[in-house]
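Protein chains in written order, with the numbering used here: chain H, 1 to 429; chain L, 1001 to 1485. Working notes for the structure below.
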């Protein structure tokens, strides 16, 4: 296919559909779990499952799945999470209504001795609530979906998640207890706080949100003023479920902006960084940009064209402070579509034109690095695909196309209630 | 050997005889570190009767165990790093580069000796200061005893400094470890070094020893280095340490140390993940505790705490109104320049009936890693906690021409202003010479000069401090945007 003659809509459809197929391919029909990556032996990621659950309604609306199929996939997933063991034992699936970051694809128990992840649980729960909001028909299956979605959300003990601190901790482990650090600075945790504040059973204290936002920094970078966060995914993940256009909390009221506009400005800074390309990485320019949390070539040092280059593995790459090893996260670039459609599409076409081997399958890898020689112009390319990348593409492209997820979640009571408790006003609220 | 002799002759002469006390002193100073020496010289200039008591070495931590030796070592280690990175500046790798830790230590001693001449016991005596060596202890509200002699005073200044905190780690004391008090007199470089603590001292020395050739592991019981500093600054430092080749363990505690023959095994715990590392030496740099023990503070009715030190009011008076304190013994900011500044305040308040306030000080500080991390004033978080709306102007060093030509592009300048004004609330600089650059912003803050005004100051071009001008220009552009909007 010659991408230059493909309409924007067709191009978007092609990449969105290919991204969605990940959830069909990496899915365990017994539990509904979805693998973190397409690599052999990868465990499930609970956040990826959340993205999958939110993607099934998209697939129904796009006629990629029948409603019955989507509902069946959803139900098996919710039943798994409802019935899986919750407790302090090290091989449980979760505790206090939260879940371990990674689960064994077959047994559904804690994998890799990972942490009980509060943010990844929040992304899972956002997907659960999306399912509850979408499957509203009065059939046995959809009734059970709604009931389980509500029950899973209400079971979560958000108060416990603060430990003895005002803000939510980043994780918990059976042997070590809470991580002794919380969220510092703007991050993807908005959805966590919104869901936690709205909990009918174990809500976060209203002041917890203020305690978190007290760490925000409003910066003028490259003549662009924004609430700073380096990696792109931070400016995207909560926006999958919340249409922040026109919504303002105390911080944004003070700054005369909103979080949607902020994400647009973050993209502006990303593009400007790529244009300036301070480290002289291959490929970077205004049409080829996007630093985020993604896979990388691995920790190594290589002398390339007389310059000693340091590469990283999976890392939260960001601008302008780094880390930056020349690895671009193309999924994060494409998922910027709702905020900056012209620029995101321009970048996608650039990827297709310059790196056709990388984009041939219409599915974007977690990372590629033209500076580190590979077999083609794209240089090093991450092996396989990552579920988070495919999920954010499906969902953000859908928000750009139809606003489906945003509209669904406007009518999801915890979202509105949580936003209000966090002090948001305006917009659709 | 000659240098060692001269150094000791300056900082604690073997043949020194304490003078006979002459009635009541206008000022008795306990401790001859930066604060004590500054106060002693100042009091002598004012022509008052002043006694200075030191239990160990004149010059205190700054000259003997802290700033001076560590910065000398850092200078050497930076040169090694520059030679390592020479190709980045178009220079082939120098051949035959070898480290020589004995030569490095000799250089440190040479520098200490030279600087000790400024504050030698003999020179102090010549300026009119009665210098007493010995452990000082208050024996009453206006009496202090030293080496069997009782001194009466009208005013006193406690400036006894601080000492390295000893980590409470099972087996560490038995296995032996270094602190900044004994790390600058080495005969050989350890092949493998574990640094405990990711604060300023730990980071500086971890980087220095790594660049000198040790394989360094650093364990920090926090998610970032330099807790309290800007998150981005800590991240850049972490990246820099990693590039140097330091094995970084954040969120990691050292829970036990065992001696195994000539080496030491340290057990590390990160959340619930355990691992062991084998090293030749361990350096602890987890902070410093005030020297308040054995001073007879109860007899003088001076309240204190073993962690936070001597309690002082905003005028640096202790709970005994005639006794003041300055420097590390009473302050959270344990820096030589703060000791110096607070000693000046005490001179003013104690001897000249001044009313200078601690809370009015603008205090910059710097961690001398590469890049350096310097800060002055409020952090954004602190300003927001005070209800002050903040805007930050950020300039990346990779946009500063001189930083680019120097190959010093890692870092940034952030200036925090009160929203709607150009009042500078604070600033953080991450740059190879951040410690030099921060002084312009300290001056601006102290003098009440706004960011807009700094834009009118012509900065020499090209310099790295041009970043300040660029921030001011960015500020002006926002003003122009608002005007034209």
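Ideal Cβ placement from N, Cα and C applies to all residues, glycine included.
Query raised in the report: How close, in whole Å, do the beta carbons of residue 1132 of chain L and residue 1018 of chain L come, if the pair is a contact with beta carbons under 8 Å?
Result: As a first step, residue 1132 of chain L must be located in the second chain, where it is residue number 132. As a first step, residue 1018 of chain L must be located in the second chain, where it is residue number 18. About 5 Å separates the two Cβ atoms, so the contact holds.
Report task. Have a look at residue 219 of chain H and residue 262 of chain H and give me their C-alpha separation to the nearest angstrom. Result -> Counting from 1 along the first chain, the entry for residue 219 of chain H is found at position 219. Counting from 1 along the first chain, the entry for residue 262 of chain H is found at position 262. Their backbone Cα atoms lie some 11 Å apart in a straight line.
Query - Min CB distance residue 188 of chain H to chain L below 8 Å - result: Reading the first chain from its first residue, position 188 is the one you call residue 188 of chain H. By this cut-off, residue 188 of chain H is not an interface position.
Report task. Would you verify that the beta carbon of residue 1247 of chain L is, or is not, closer than 8 Å to some beta carbon of chain H? Result -> Taking the second chain and counting its residues from 1, one reaches residue 1247 of chain L at position 247. Chain H contact via Cβ: absent.
Requested in this report: Identify each residue in the region 19-53 of chain H for which the Cβ-Cβ distance to at least one residue of chain L is less than 7 Å, and report them in chain order.
Outcome: none
Report task. Report the residue ranges of all beta strand (DSSP E) runs contained in full by the region 1260-1319 of chain L; include only those spanning at least 3 residues, in chain order. Result -> 1263-1270, 1273-1279, 1281-1284 and 1288-1290
Query raised in the report: Taking Cβ-Cβ distances below 7 Å as the criterion, which residues of the region 188-221 of chain H are in contact with chain L?
Result: 214, 215, 217, 218, 219, 220 and 221
Report task. Mark residue 1445 of chain L as exposed unless 16 or more other C-beta atoms lie within 10 angstroms of its C-beta, in which case mark it buried. Result -> In the second chain, residue 1445 of chain L corresponds to position 445, counting from 1. The residue is buried, with at least 16 neighbouring Cβ atoms inside 10 Å.
Report task. Apply the 10 Å Cβ neighbour rule to residue 1155 of chain L and answer buried if 16 or more other Cβ atoms are within range, or exposed otherwise. Result -> If you number the second chain from 1, residue 1155 of chain L lands on position 155. With 16 or more Cβ atoms within 10 Å of its Cβ, residue 1155 of chain L is classed as buried.
Requested in this report: Taking residue 325 of chain H and residue 309 of chain H to be in contact with their CB atoms under 8 Å, please state how far apart those CB atoms are, rounded to whole angstroms.
Outcome: By one-based count along the first chain, residue 325 of chain H stands at place 325. By one-based count along the first chain, residue 309 of chain H stands at place 309. Indeed they touch by this definition, with Cβ atoms about 7 Å apart.
Query raised in the report: residue 1477 of chain L CB to nearest chain H CB: under 8 Å?
Result: Numbered from its first residue, the second chain carries residue 1477 of chain L at position 477. Yes, residue 1477 of chain L counts as interfacial toward chain H.
Query raised in the report: Mind checking if residue 185 of chain H is an interface residue toward chain L, Cβ cutoff 8 Å exclusive?
Result: Looking up residue 185 of chain H in the first chain gives position 185. Residue 185 of chain H counts as touching chain L.
Query - Identity of the residues DSSP links to residue 1093 of chain L by a beta bridge - result: Residue 1093 of chain L sits at position 93 when you count from the first residue of the second chain. According to DSSP, which records beta bridges pairwise, residue 1093 of chain L is partnered with nothing at all.
Query raised in the report: Taking buried to mean at least 16 other C-beta atoms within 10 Å of its own C-beta, is residue 1493 of chain L buried or exposed?
Result: For chain L, the structure presents residues 1001 to 1485; residue 1493 of chain L sits outside this window and is missing.
**Report entry** For residue 1427 of chain L: DSSP bridge partner residues
**Finding:** Numbered from its first residue, the second chain carries residue 1427 of chain L at position 427. According to DSSP, residue 1427 of chain L bridges with L:1376 and L:1415.
**Report entry** Straight-line Cα distance separating residue 404 of chain H from residue 426 of chain H
**Finding:** Indexing the first chain from 1 puts residue 426 of chain H at position 426. Indexing the first chain from 1 puts residue 404 of chain H at position 404. Whole-angstrom Cα-Cα distance: 20 Å.
Query raised in the report: So, helix, strand or coil for residue 420 of chain H, using DSSP?
Result: In the first chain, the residue the question calls residue 420 of chain H occupies position 420. Looking at residue 420 of chain H - three-state DSSP - the assignment turns out to be helix.
Query raised in the report: Is the shortest distance between the beta-carbon of residue 5 of chain H and the beta-carbons of chain L less than 8 Å?
Result: In the first chain, counting from the first residue as 1, residue 5 of chain H sits at position 5. False, the Cβ-Cβ gap to chain L never drops below 8 Å.
Requested in this report: In angstroms with no decimal places, state the Cα-to-Cα distance between residue 1213 of chain L and residue 1095 of chain L.
Outcome: Reading the second chain from its first residue, position 213 is the one you call residue 1213 of chain L. Reading the second chain from its first residue, position 95 is the one you call residue 1095 of chain L. Roughly 16 Å separates the two Cα atoms.
Requested in this report: Can you tell me which of the three DSSP states residue 45 of chain H falls into?
Outcome: Here residue 45 of chain H is taken as the residue at index 45 of the first chain, counted from 1. Looking at residue 45 of chain H - three-state DSSP - the assignment turns out to be strand.
Report task. Would you mind sorting residue 2 of chain H into buried or exposed? The rule is 16 or more other CB atoms within 10 Å of its CB. Result -> Within the first chain, numbered from 1, the residue matching residue 2 of chain H stands at position 2. Because residue 2 of chain H sits at a pLDDT of 48, beneath the cut-off of 50, its placement in the model cannot be relied upon, and the point is left open.
**Report entry** 7 Å Cβ shell around residue 335 of chain H - same chain, five flanking residues per side excluded
**Finding:** For this step, residue 335 of chain H is matched to residue 335 along the first chain. If we look at residue 335 of chain H and ignore the five residues flanking it on each side, its Cβ neighbours are 236, 392, 393 and 396.
Requested in this report: Would you kindly report the start and end of the unbroken alpha helix (DSSP H) that includes residue 78 of chain H?
Outcome: Reading the first chain from its first residue, position 78 is the one you call residue 78 of chain H. First-last of the alpha helix (DSSP H) with residue 78 of chain H: 67-83.
Requested in this report: Apply the 10 Å Cβ neighbour rule to residue 1127 of chain L and answer buried if 16 or more other Cβ atoms are within range, or exposed otherwise.
Outcome: Counting from one through the second chain, the residue named residue 1127 of chain L turns up at place 127. So residue 1127 of chain L counts as exposed.
Requested in this report: Let me know if residue 142 of chain H comes out buried or exposed under the rule of 16 or more other beta-carbons within 10 Å of its beta-carbon.
Outcome: Residue 142 of chain H sits at position 142 when you count from the first residue of the first chain. Residue 142 of chain H is buried by the Cβ-count criterion.
Query raised in the report: Going by beta carbon distance, what residues of the same chain come within less than 7 Å of residue 412 of chain H, once the five residues before and after it are set aside?
Result: The sequence position of residue 412 of chain H within the first chain is 412, counting from 1. Within the same chain, residue 412 of chain H has close Cβ partners 129 and 133.
Query raised in the report: Does any heavy atom of the ligand MG sit closer than 7 Å to the C-beta of residue 1322 of chain L?
Result: This structure simply doesn't include the ligand MG, nor any ligand for that matter.
Query raised in the report: Using a beta-carbon distance below 8 Å, is residue 1236 of chain L in contact with chain H?
Result: Within the second chain, the letter at position 236 stands for residue 1236 of chain L. Yes, contact with chain H.
Requested in this report: At 9 Å on the CB atoms, spell out the chain L contacts of residue 231 of chain H, in chain order.
Outcome: On the first chain, position 231 is the one that residue 231 of chain H refers to. Chain L residues near residue 231 of chain H: none, gap ~12 Å exceeds 9 Å.
Query raised in the report: What is the DSSP secondary structure of residue 1061 of chain L, counted as helix, strand or coil?
Result: What you label residue 1061 of chain L is simply residue 61 of the second chain in a count that begins at 1. Looking at residue 1061 of chain L - three-state DSSP - the assignment turns out to be helix.
Report task. Spell out whether any CB of chain L is found under 8 Å from the CB atom of residue 235 of chain H. Result -> For the purposes of this step, residue 235 of chain H is identified with residue 235 of the first chain, where counting begins at 1. So no, residue 235 of chain H is outside the interface.
Report task. Measure the beta-carbon distance from residue 76 of chain H to residue 31 of chain H and round it to whole angstroms, keeping in mind my assumption that it falls under 8 Å. Result -> Within the first chain, numbered from 1, the residue matching residue 76 of chain H stands at position 76. Within the first chain, numbered from 1, the residue matching residue 31 of chain H stands at position 31. About 7 Å separates the two Cβ atoms, so the contact holds.
Report task. Compare the Cα-Cα distances from residue 23 of chain H to each of H:418, H:243, H:406 and H:390 and report the closest residue. Result -> Translated into positions along the first chain, residue 23 of chain H becomes position 23. Of the listed residues, the one whose Cα sits closest to residue 23 of chain H is H:390.
Query raised in the report: Got a sec? Which residues, its chain only, sit under 6 Å from residue 1334 of chain L by beta carbon, not counting five neighbours each side?
Result: For the purposes of this step, residue 1334 of chain L is taken as residue 334 along the second chain, with counting starting at 1. Result list for residue 1334 of chain L: 1162, 1288 and 1328, in chain order.
Query raised in the report: With a Cβ-Cβ cutoff of 8 Å, do residue 398 of chain H and residue 58 of chain H count as a contact?
Result: Within the first chain, residue 398 of chain H is the residue found at index 398, counting from 1. Within the first chain, residue 58 of chain H is the residue found at index 58, counting from 1. A contact, by the Cβ cut-off of 8 Å.
Report task. Could you pull the start and end residues of the beta strand (DSSP E) that residue 1164 of chain L belongs to? Result -> As a position in the second chain, residue 1164 of chain L is number 164, starting the count at 1. Taken as a continuous stretch (DSSP letters only), the beta strand (DSSP E) holding residue 1164 of chain L covers 1162-1164.
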